[in-house]
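Just so you know, the sequences run in chain order A and B. When you line the first sequence up against our numbering, it's residues 1 to 228, in that order. When you line the second sequence up against our numbering, it's residues 1001 to 1228, in that order. Comments concern the structure below.
There are 2 protein chains.
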Amino acid sequence: MALPSSTVENYLKAIYQAEMAEEDDTRLVPMGRLASALHVVPGTATTMVKTLADSGLVRYEPYAGVRLTAAGQKLAALVLRRHRLMELFLVEVVGMSWAEVHDEAERLEHAASDRLIDRIDEMLGRPAVDPHGDPIPDQDGAMATPRYQTLLTCPIDTAVVLARVTDQDTAFLRFLEQSHLTPGKTIRVESRDAAADHVLVRGAGDRSIAIGMRAAAKLLVAPPPPSG
Amino acid sequence: MALPSSTVENYLKAIYQAEMAEEDDTRLVPMGRLASALHVVPGTATTMVKTLADSGLVRYEPYAGVRLTAAGQKLAALVLRRHRLMELFLVEVVGMSWAEVHDEAERLEHAASDRLIDRIDEMLGRPAVDPHGDPIPDQDGAMATPRYQTLLTCPIDTAVVLARVTDQDTAFLRFLEQSHLTPGKTIRVESRDAAADHVLVRGAGDRSIAIGMRAAAKLLVAPPPPSG
DNA sequence: AATCGATTTTTGACTCATCAAACTTCTGAT
DNA sequence: ATCAGAAGTTTGATGAGTCAAAAATCGATT
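Right, here's the structure in full:
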């Protein structure tokens, strides 16, 4: 099989991430979701998915959806690896802002060689997560997938550590950055108000911040590390 | 005008470099040279050059050749800037080898944003030349073009500084690296032998090295800096 | 000046990725 | 059980970039 075009890489990545986002383990991504993730019309996604199926990268069930094969999963994970290492590199080494590296990495991930990516991995000390807290797959495509709670489900008035932000929107990330809500930060949920559709969170030394519930669901938290 | 595809960027870059390589200032690049530089058949180059002419990036004279317009020159210079800054960055910051950065930069130059390139430029201290001694155009596409001598034309038994290597071939660069013939090195030509088709060069503390005349023409040298 | 050979252009075809719009299938509500 | 609407698929077309091979042009040599 020839090297996958960046279009193929993007389809695989989108399918992979859509599979991850599903709660149930049916793992069948509907065409509509895939098409809108890739900003193409549904017919385009159908066509492309059929050719991916012919290459053995996905299994395609007409009118039902698509899922990655083992081969597709591995390729997708390696694309994600390139993306996330690149993001971390741009933040840590190049000094770019947390909020702007996603789009940059979106293009660089298709241009960087494995040599470069491995060099970056080494420079960064084989990191486990990228600047958004997303786990970085290893060279074999294996990836830790811890199950975090969200700001909607974690205990109230209890210290938790912001572990991961599952949205790459630049404006959202900028807001978080300005609010000092970045991965690693210890925070606590002061209250949730269903009527107001918000949660109030506060980091040590900061004012409390109201976050809409839709946004709060994108902030994943872990129990604080054992103190001492 | 929409942003140029990487194909367009590559054509402009190739025309620019072919113009530079010409001694006379006719500056008309024949289609055949362009086609082989880009590894396409001549017909493909003709077709593409005509569309470039329609965009006002080149002036095309059928059966004669092509030259860049001012707009094309500026765009080409900015591509070269991205390429050369990227190469230097990969060597200086990422620690890749002199010999392997060309191909990497060849792809990254089309993916890196202006923000990233300017950030790299700043990190590196607004450098004037890349690892091969090639001058780096500034943000406006302006570039210093010093006129060096080559190992074929410089005075014999006189110290000169290796300033620039006008060939990006990986194997050739590896050879130079192993022979300690890298830009900045002070060397002297011991002899030239037309019959043997070689020149003998020696760097301080090294053995003398025989270099074929074709290769020697690719090594550009400058007078040594005023000592003191 | 006529011609041969090299260079260049033209023509027709192909692949990849895409869209618009017609058509098909599925599903949930009655 | 039907059927309306949502979701998905098919069809036909497009644009970018390419090649192979036929045709045209140029130019150097006789």
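The C-beta atom is built at its ideal place from N, Cα and C for all residues, glycine as well.
Identity of the residue in the options nearest residue i by Cα
i	options	result
Val1189 (chain B)	B:Asp1206, B:Asp1130, B:Asp1118	B:Asp1206
Glu1009 (chain B)	B:Ala1077, B:Arg1027, B:Pro1137	B:Ala1077
Met86 (chain A)	A:Val66, A:Leu108, A:Met31	A:Leu108
Met123 (chain A)	B:Arg1027, B:Pro1155, B:Gly1095, B:Asp1118	B:Gly1095
Ser6 (chain A)	A:Gly125, A:Leu80, A:His198	A:Leu80
Asp1103 (chain B)	B:Ile1117, B:Arg1084, B:Glu1092, B:Leu1162	B:Arg1084
Tyr1063 (chain B)	B:Thr1069, B:Pro1042, B:Ala1070	B:Pro1042
Arg1027 (chain B)	B:Ala1002, B:Val1058, B:Lys1050	B:Val1058
Ala70 (chain A)	A:Tyr16, A:Glu92, A:Pro226	A:Tyr16
Pro183 (chain A)	A:Ser191, A:Arg192, A:Pro224	A:Pro224
For residue j and residue i, the rounded distance between their alpha carbons
i	j	result
Ala1018 (chain B)	Ala1105 (chain B)	19 Å
Gly65 (chain A)	Met20 (chain A)	15 Å
Met1213 (chain B)	Ala1222 (chain B)	18 Å
Val201 (chain A)	Leu181 (chain A)	9 Å
Gly1032 (chain B)	Trp1098 (chain B)	30 Å
Gln1168 (chain B)	Arg1082 (chain B)	16 Å
Asp1054 (chain B)	Leu1038 (chain B)	20 Å
Pro137 (chain A)	His1132 (chain B)	35 Å
Ala1210 (chain B)	Asp1130 (chain B)	26 Å
Lys1185 (chain B)	Pro4 (chain A)	42 Å
Ala14 (chain A)	Ala204 (chain A)	37 Å
Val1101 (chain B)	Arg1174 (chain B)	12 Å
Thr158 (chain A)	Ala194 (chain A)	19 Å
Ser1113 (chain B)	Ile1120 (chain B)	11 Å
Leu1090 (chain B)	Gln1178 (chain B)	19 Å
Lys1050 (chain B)	Arg1115 (chain B)	32 Å
Ser208 (chain A)	Gln139 (chain A)	41 Å
Met143 (chain A)	Met1143 (chain B)	46 Å
Tyr1060 (chain B)	Ala1002 (chain B)	21 Å
Asp1118 (chain B)	Thr170 (chain A)	20 Å
Ser1191 (chain B)	Val93 (chain A)	46 Å
Phe172 (chain A)	Glu22 (chain A)	22 Å
Pair within 8 Å by beta-carbon distance, residue i and residue j
i	j	result
Ala35 (chain A)	Thr44 (chain A)	yes
Ile1187 (chain B)	Val1160 (chain B)	yes
Arg1067 (chain B)	Val1029 (chain B)	yes
Pro1135 (chain B)	Thr1145 (chain B)	yes
Ala1196 (chain B)	Thr1150 (chain B)	no
Gly56 (chain A)	Leu12 (chain A)	no
Lys74 (chain A)	Gly125 (chain A)	no
Pro127 (chain A)	Leu88 (chain A)	yes
Presumed contact (8 Å Cβ cut-off) between residue i and residue j, rounded CB distance
i	j	result
Tyr1148 (chain B)	Leu1052 (chain B)	Wrong, their Cβ atoms sit about 31 Å apart, outside the cutoff.
Leu1152 (chain B)	Val1199 (chain B)	7 Å
Ala1111 (chain B)	His110 (chain A)	7 Å
* Members of the segment 1084-1095 of chain B that neighbour chain A once the beta carbon cut-off is set at 8 Å -> Listed by position along the chain: Leu1090, Val1093, Val1094, Gly1095.
* Asked: If you measure beta-carbon to beta-carbon, which residues of the segment 1111-1131 of chain B are closer than 8 Å to chain A?
  -> Cβ contacts with chain A come from Ala1111, Ala1112, Ser1113, Arg1115, Leu1116, Arg1119, Ile1120, Met1123.
* To do: Would you list, in chain order, the members of the segment 152-174 of chain A that have their beta-carbon closer than 7 Å to a beta-carbon of chain B?
  => Of all residues in the segment 152-174 of chain A, none has a Cβ within less than 7 Å of some Cβ in chain B.
* Which residues, in order along the segment 47-77 of chain A, keep a beta-carbon less than 8 Å from a beta-carbon of chain B? -> Of all residues in the segment 47-77 of chain A, none has a Cβ within less than 8 Å of some Cβ in chain B.
* Proximal residues, the segment 8-25 of chain A versus chain B, C-beta separation under 7 Å -> Shown here is that no member of the segment 8-25 of chain A has a Cβ falling below 7 Å from a Cβ of chain B.
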